[in-house]
Structure formats: structure tokens, C-alpha cells
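Notes follow the structure.
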Amino acid sequence: MDKVRCGSEIISFVYRALGFEMTEEQINQMIADVDKDGSGAIDYEEFEHMMTAKIGERDSKEELTKAFRIIDQDRNGKISNIDIQRIAKELGVNLTLDEIQDMVQEADRNGDGEIDFDEFTKMMRRTSYGY
1 MDKVRCGSEI
11 ISFVYRALGF
21 EMTEEQINQM
31 IADVDKDGSG
41 AIDYEEFEHM
51 MTAKIGERDS
61 KEELTKAFRI
71 IDQDRNGKIS
81 NIDIQRIAKE
91 LGVNLTLDEI
101 QDMVQEADRN
111 GDGEIDFDEF
121 TKMMRRTSYG
131 Y
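Going by the UniProt record's numbering, the sequence shown opens with residue 1, and the numbers climb by one from there.
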């Protein structure tokens, strides 16, 4: 699989979707802290570490459930491409279908094409960079 590269627009979208208010300067600093090759974008593994650390600041099951429900807009217990597309549109973030599919594919451990709550919490609770 090709590496997914995330720039500040995608990262800003994800943080806002999860209820974090981050300035562009804060996001750019976080990217710089984990961007190994200095490209201004990070790969999925770096993104996951960064997100895990930020979620870890409020890592209670209640907070993870709240974040999951915000994204799972159709309330079917899974985050789909459509859920991500809808919330991105609500937040004014333009993501390509390929970017959305790559995001889901990286988190989808059982291969059903969607992210269930267990996959979401496992993704969010992995190792941390300390944000």
C-alpha cells in the first residue's frame, strides 16, 4: 500500500472533528515535530502517533465514545467513507475520495471497509509522542 501523506488541512479537519481547537501554527508545529523527512506532511504512522497523543490528553472511554459518535453520523456503529466525507464537508475541509479511503483503510483492521468502535479506540490509544 502507498503511504498516506497528511498535510495540515487533513490534520486540522481531524482535530476539529474530534472537538480540538488548534491554531494553524500549533498544527504546523506538531507536524514539524514528527515529520522525519521535512516534507511538511506526515505519513499515516506519524499521524497516528500524533493523534494518539492528543487524544491521550482526554483518553477516557467517554471522550473516545463522544469522538466516535461525532464522526459516525448515521449512528450505525461504524465510521464509513460517507461519514468522513459528511463531516469534512460540514467542517469546510476538502478531502479527495482517495484520501478518505486511505484513512479508513489504515484504521480498518478487520477488512470490512469501515472503522468500528474497537478499531477506532485501538487506533487512538497506540503509542504517543506526548502532545
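From the three backbone atoms N, C-alpha and C, an ideal C-beta is built for every residue, glycine too.
Check                                                                              : Outcome
Opposing strand residues paired with Lys-78 [DSSP bridges]                         : Asp-116
Whole-angstrom distance between Val-14 and Ala-67, CA atom to CA atom              : 10 Å
Coarse secondary structure for Asn-28, derived from DSSP in three states           : helix
Gln-105 vs Arg-86 beta-carbon contact at 8 Å                                       : no
Where Ser-128 sits in the DSSP three-state scheme                                  : Reliability of the predicted coordinates at Ser-128 is poor, the pLDDT of 37 falling under 50, and the value obtained from them is presented with this limitation in mind. DSSP places Ser-128 in coil when its eight states are reduced to three.
Cα-Cα separation between Ile-11 and Glu-48, rounded to whole angstroms             : 10 Å
Cβ pair Ser-8, Ile-31 closer than 8 Å                                              : yes
Cβ neighbour criterion (16 or more within 10 Å) applied to Thr-65                  : exposed
The segment 97-113 / the segment 20-27 touching (three or more Cβ pairs under 8 Å) : no
Straight-line gap, Ile-84 to Asp-33 (C-alpha atoms, nearest Å)                     : 26 Å
CA-to-CA distance, Ser-80 to Ile-42, given in whole angstroms                      : 23 Å
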